Amino acid sequence: MSYLERRRFLWILFFTGLALLAVTLAAHSTTLTRLQFAELAQESTAVARLRCLSSESLWERGEIWTETRLEVLEVEKGLLPRLVTVRMVGGSAGHFHSRVDGVPVFRPGAEVYLFLWGREGEAYSVLGWSQGTFRVAKNPRTGAETVTQDSAAMPVFDPQTREFRREGMRNLPVTNFREKLHNALKRKP
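Shown next as structure tokens:
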């Protein structure tokens, strides 16, 4: 085999390896299906307004997970203890960082409404990840509170149209959000 043939063979081998790597990574990726607000409300185990107290990342079976401790301020659905742990994939452990699109990150002191899913005795997760996370913002001048859904900033796949869209609530007054939530909870699944 000549030098040029070996070189061509190595390039073909290299690009074949890249193609296989791309297929493997795509097979392990996550695509969120769009959930309607009423679906979030009906499918969740609990819905509450919470304040983040702390977050800690840890290694478990080759993956980084973040456990966030939150104080329950107000329960809209379900039964919750005064303190709740939310466990989500991703985070930082040592010099390693793992970020998964759509997984919410919580900072101490921040207030959120979360649509939680879980079983008694286990840490909760957020139903629909960014779709089930609503950040509370307070206007420093007026004191008015609004909520913005995390998914309002990221594309979510709509299986009916087979397209990605940016949807979600933005700057909705908390009173309107709670009214919408209570109406969604009254509906029969």
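Just so you know, we're using the numbering used here here: the sequence shown kicks off at 1 and counts up by one. Glycine included, every Cβ here is placed at the ideal spot set by N, Cα and C. Note that the structure is predicted; figures quoted are calculated from it, not measured.
A residue is called buried once 16 or more other Cβ atoms fall within 10 Å of its Cβ, and F134 is buried on that count.
Under the 8 angstroms Cβ criterion, the region 156–168 does not count as touching the region 65–77, having fewer than three qualifying pairs. Within the same chain, A184, R187 come within 7 angstroms of A38 by CB-CB distance, once the 5 residues on both sides are set aside.
Under the DSSP assignment, K180 falls in the alpha helix (DSSP H) whose first and last residues are 174–186.
Selection S2, Q36, L4, E5 evaluated against F157 yields Q36 as nearest (Cα-Cα).
Looking at the backbone, the Cα of V47 and that of L114 are separated by about 6 angstroms. If only complete runs of 4 or more residues are kept, the region 91–122 shows no alpha helix (DSSP H) anywhere. The Cβ-Cβ distance between E145 and A152 does not fall below 8 angstroms. Residue range 37–43 is occupied by the alpha helix (DSSP H) that includes Q42, with no beta strand (DSSP E) assigned at that position. Distance check between G143 and each of V174, V89, G168 places V174 closest, using alpha-carbon atoms only. Sequence-distant partners of Q149 (beyond 5 residues in either direction) whose C-beta falls short of 6 angstroms from its own C-beta, in its chain, are F134, G168, M169. Around the beta carbon of P108, fewer than 16 other beta carbons lie within 10 angstroms, which makes this residue exposed.
L70 sits in a strand when the DSSP states are folded into three classes. The Cβ atoms of M88 and S125 lie closer than 8 angstroms to each other. Take the alpha-carbon of T85 and the one of R165: they are about 30 angstroms apart. Between L79 and V72, the C-beta gap is not smaller than 8 angstroms, which leaves the two residues out of contact. Approximately 10 angstroms separates the beta-carbon atoms of S130 and P155; this is outside 8 angstroms, ruling out the contact.
In this structure, F106 is the residue among F177, F106, G118, W117 with its C-alpha nearest to the C-alpha of S54. Assigned with DSSP and collapsed to three states, A153 falls in helix. E167 carries a coil assignment under DSSP once its states are collapsed to helix, strand and coil.
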